[in-house]
Amino acid sequence: MKFVSYWHDTAPVFSGGAQGPVEGHYDVAIIGGGFTGLAAARQLAKAGARVAVLEAERVGWGASGRNGGHLNNGLAHSYLSAKAELGKERASALYRALDVSVETIEALVAEEGIDCNFRRAGKLKLASKPQHFEAIARNFEAVHAEVDPDTALLSAADLKSEIGSPFHGAMLSKKSAMMHMGRYVAGLATAAARHGAVIHENAAVTDRKQAGARHELTTSRGRISANDVLVATGAYTTPNFGFFRRRIISVGSFIIATRPLSDAEIAATMPGNRTCVTSMNIGNYFRLSPDNRLIFGGRARFSATSDQRSDAKSGEILRAGLAAIFPQLAKVEIDYCWGGLVDMTKDRFPRAGYHDGVWYAMGYSGHGAQLSTHLGMIMADAMLGREDRNPMKGLEWPAIPGYSGKPWFLPMVGLYYKALDRVR
Numbered sequence: 001m002k003f004v005s006y007w008h009d010t011a012p013v014f015s016g017g018a019q020g021p022v023e024g025h026y027d028v029a030i031i032g033g034g035f036t037g038l039a040a041a042r043q044l045a046k047a048g049a050r051v052a053v054l055e056a057e058r059v060g061w062g063a064s065g066r067n068g069g070h071l072n073n074g075l076a077h078s079y080l081s082a083k084a085e086l087g088k089e090r091a092s093a094l095y096r097a098l099d100v101s102v103e104t105i106e107a108l109v110a111e112e113g114i115d116c117n118f119r120r121a122g123k124l125k126l127a128s129k130p131q132h133f134e135a136i137a138r139n140f141e142a143v144h145a146e147v148d149p150d151t152a153l154l155s156a157a158d159l160k161s162e163i164g165s166p167f168h169g170a171m172l173s174k175k176s177a178m179m180h181m182g183r184y185v186a187g188l189a190t191a192a193a194r195h196g197a198v199i200h201e202n203a204a205v206t207d208r209k210q211a212g213a214r215h216e217l218t219t220s221r222g223r224i225s226a227n228d229v230l231v232a233t234g235a236y237t238t239p240n241f242g243f244f245r246r247r248i249i250s251v252g253s254f255i256i257a258t259r260p261l262s263d264a265e266i267a268a269t270m271p272g273n274r275t276c277v278t279s280m281n282i283g284n285y286f287r288l289s290p291d292n293r294l295i296f297g298g299r300a301r302f303s304a305t306s307d308q309r310s311d312a313k314s315g316e317i318l319r320a321g322l323a324a325i326f327p328q329l330a331k332v333e334i335d336y337c338w339g340g341l342v343d344m345t346k347d348r349f350p351r352a353g354y355h356d357g358v359w360y361a362m363g364y365s366g367h368g369a370q371l372s373t374h375l376g377m378i379m380a381d382a383m384l385g386r387e388d389r390n391p392m393k394g395l396e397w398p399a400i401p402g403y404s405g406k407p408w409f410l411p412m413v414g415l416y417y418k419a420l421d422r423v424r
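In structure tokens, the structure reads:
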């Protein structure tokens, strides 16, 4: 078993990074070389802006290369709960932004010729309990009538041709997609560099100063200045940016990937070949990879470390979860096990905008793989003075009381949700 991300291990290495010291003056400096930062860099460079990307590790090292490979439309919440909290107008706008996010990636992949196995697969929100199906059905009625007619409600009988496990029904969101995340991020970085963006890897930002309209950023490889700064670091935001650290909760998510499955094994487990998410609070998400592995993830633990023994324990928890859903794969070999951080907000709604002299886009709360490219491009357009299309504009983002960036409370949160799953 390899304790590395399948997406990292099976993708070409980006070779277009800038060599030599980090230096010079730019129109925009982007901190973070994931989907958000690279999409913004490409958009800015195409418009003729001088842009530099500062990535602490290598492009796609964080959440962009450690996720489950889903491009799901729809919200982290039910649409009904989002309406109750945000109002119909904003909830609808945010829902449609997720739809457009998938379209944005599809168009970008075609325009730049990125070989990343993009495919409109559809997503199944699977009801793990009978009462969950009742809630899914109520949400489906509102979604189908108000924001997304390209959906369907499937009964337990309907699911027999979709998945080889006894769930109580599902909502099918037909616009959802999947792709190879490692190939996409390498292709996106290559496209950004081709259009003129300067990408510095292994260039962690260690200090930031602002004098008037000019920003000075010190990195581990040198110093640059810029007129504007975009913070696109999500769950990996450093203490240099305390405003965001007090509002982003970094939650661990873990994934395993099996050996490639045979045609018979696929027919017995995932004949529908869609992205799947279960309805439990501490649930699972899974899909087939381009080479027919089952990629199976979940919140095995709420915190994450770089300790291989700890990741191995999470892998065993996920293996047990996989066996519970697919007993026919209980003894299948696991080839990959990895973990990463999800940038959660308290209300699980993303945030993007301008604060304290910097632009930002983060807080994707588990839906960043699809929304980040789109929101990165939207923030680039805002910096260019184009139409403001930010679906989160004006949404308040209060700090979490007593929190400074170290989520000491996550073990208690995990216990709470586990208890909730037992009784609901």
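The sequence shown begins at 1 in full-length UniProt numbering and counts up by one. Beta carbons: idealized from backbone N, C-alpha and C, even for Gly.
Check your understanding: Does the distance from the C-beta atom of GLY69 to that of MET171 stay below 8 Å?
Key -> Within the sequence shown, numbered from 1, the residue matching residue 69 stands at position 69. Within the sequence shown, numbered from 1, the residue matching residue 171 stands at position 171. Result no, Cβ atoms of GLY69 and MET171 do not sit closer than 8 Å.
Practice item. Identify, in the order they occur along the chain, each residue of the same chain with its Cβ nearer than 6 Å to the Cβ of LYS160, setting aside the five sequence neighbours on each side. Key: Residue mapping note: residue 160 aligns to position 160 of the sequence shown, counting from 1. Hits under 6 Å: none found.
Exercise for review: Out of LEU44, PRO290, THR275, GLY321, state which residue places its alpha-carbon closest to the alpha-carbon of GLY283.
Suggested key: Looking up residue 283 in the sequence shown gives position 283. When only C-alpha atoms are compared, the closest one is GLY321.
Review point. Whose C-beta lies closer than 7 Å to the C-beta of CYS116 among residues of the same chain, with five residues either side of it excluded?
Key: For the purposes of this step, residue 116 is taken as the residue at position 116 of the sequence shown. Excluding positions up to five away in sequence, the list reads VAL109, MET179, HIS180, ARG183, TYR184, GLY187.
Check your understanding: Where does the unbroken beta strand (DSSP E) through TYR285 begin, and where does it stop?
Key -> Position 285 of the sequence shown holds residue 285. Here the beta strand (DSSP E) through TYR285 covers 284–288.
Check your understanding: So, SER250 versus ALA127, is the Cβ gap smaller than 8 Å?
Key -> Here residue 250 is taken as the residue at index 250 of the sequence shown, counted from 1. Here residue 127 is taken as the residue at index 127 of the sequence shown, counted from 1. Not a contact, by the Cβ cut-off of 8 Å.
Practice item. Taking 8 Å as the threshold, find out whether the segment 367–383 comes into contact with the segment 340–354 through three or more Cβ pairs. Key: The segment 367–383, when compared against the segment 340–354, does touch it at the 8 Å Cβ threshold.
Check your understanding: Taking the DSSP output, what are the residues bridged to GLU216?
Key -> The residue you call residue 216 lines up with position 216 of the sequence shown. Looking at the DSSP output, GLU216 sits in a beta bridge with LYS209, SER225.
Check your understanding: With C-beta atoms as the reference, is GLY297 less than 8 Å away from ILE255?
Key -> Position 297 of the sequence shown holds residue 297. Position 255 of the sequence shown holds residue 255. The answer is yes: Cβ separation under 8 Å.
Review point. Is the beta carbon of residue 447 less than 8 Å from the beta carbon of LEU217?
Key: Coverage of the chain is limited to positions 1 through 424, which leaves residue 447 absent and any answer about it impossible.
Check your understanding: Taking just the CA atoms, how far does ALA145 sit from THR233?
Key -> In the sequence shown, the residue the question calls residue 233 occupies position 233. In the sequence shown, the residue the question calls residue 145 occupies position 145. THR233 and ALA145 have their C-alpha atoms spaced approximately 36 Å apart.
Review point. With burial defined as no fewer than 16 other Cβ atoms inside 10 Å of the residue's Cβ, what is the status of ALA107: buried or exposed?
Key: In the sequence shown, counting from the first residue as 1, residue 107 sits at position 107. Its Cβ having fewer than 16 others within 10 Å, ALA107 is exposed.
Point to revise | Within 8 Å, strictly: CB atoms of HIS8 and GLY65 | key: Reading the sequence shown from its first residue, position 8 is the one you call residue 8. Reading the sequence shown from its first residue, position 65 is the one you call residue 65. Contact flag set, yes.
Check your understanding: LYS88 to HIS77, Cα distance in whole Å?
Key -> By one-based count along the sequence shown, residue 88 stands at place 88. By one-based count along the sequence shown, residue 77 stands at place 77. Taking the straight line joining both Cα atoms gives about 14 Å.
Practice item. Along the beta strand (DSSP E) that carries ALA152, what are the first and last residues, could you check? Key: Start at 1 with the first residue of the sequence shown, and residue 152 comes out as number 152. Its beta strand (DSSP E) spans residues 151–154.
Exercise for review: Round the Cβ separation of MET200 and GLY17 to the nearest angstrom and send it over; I've been treating them as touching at under 8 Å.
Suggested key: Translated into positions along the sequence shown, residue 200 becomes position 200. Translated into positions along the sequence shown, residue 17 becomes position 17. Here the sequence assigns His to residue 200, which means Met is not the residue at that position. Contact flag correct, Cβ pair sits at about 7 Å.
Review point. If we call anything under 8 Å between Cβ atoms a contact, is ILE31 one with VAL229?
Key: As a working note, residue 31 is residue 31 in the sequence shown. As a working note, residue 229 is residue 229 in the sequence shown. For ILE31 and VAL229, yes; Cβs fall inside 8 Å.
Review point. Considering ALA29, what are the terminal residues of the alpha helix (DSSP H) in which it resides?
Key: Along the sequence shown, read from residue 1 onward, the residue named residue 29 stands at position 29. Boundaries for ALA29: no alpha helix (DSSP H) harbours it, while the beta strand (DSSP E) harbouring it runs 25–31, taken from the DSSP string.
Review point. For GLY252, which option in GLU162, MET344, GLY164 has the closest C-alpha, if you only look at C-alpha atoms?
Key: Locating residue 252 in the sequence shown gives position 252, where the first residue counts as 1. Closest option to GLY252, Cα to Cα, is MET344.
Exercise for review: Could you spell out where the beta strand (DSSP E) holding GLY298 opens and where it closes?
Suggested key: Against the sequence shown, residue 298 aligns to sequence position 298. In the DSSP assignment, GLY298 falls within the beta strand (DSSP E) that extends over 294–298.
Check your understanding: Between which two residues does the beta strand (DSSP E) harbouring THR275 extend?
Key -> Translated into positions along the sequence shown, residue 275 becomes position 275. First-last of the beta strand (DSSP E) with THR275: 275–278.
Practice item. Identify which residue in ARG221, ASN240, THR151 has its Cα closest to the Cα of LYS209. Key: As a working note, residue 209 is residue 209 in the sequence shown. Ranking ARG221, ASN240, THR151 by Cα distance to LYS209 puts ASN240 first.
Review point. Closest to VAL143 by CA distance: which of TYR95, GLU162, PRO166, ILE248 is it?
Key: Working through the sequence shown from its first residue, we reach residue 143 at position 143. The shortest C-alpha separation from VAL143 is found at TYR95.
Review point. Between LEU261, LEU288, ALA264, which lies nearest to ARG274 when the distance is taken from Cα to Cα?
Key: Here residue 274 refers to the residue found at position 274 of the sequence shown. Residue LEU288 is the option with its Cα nearest to ARG274.
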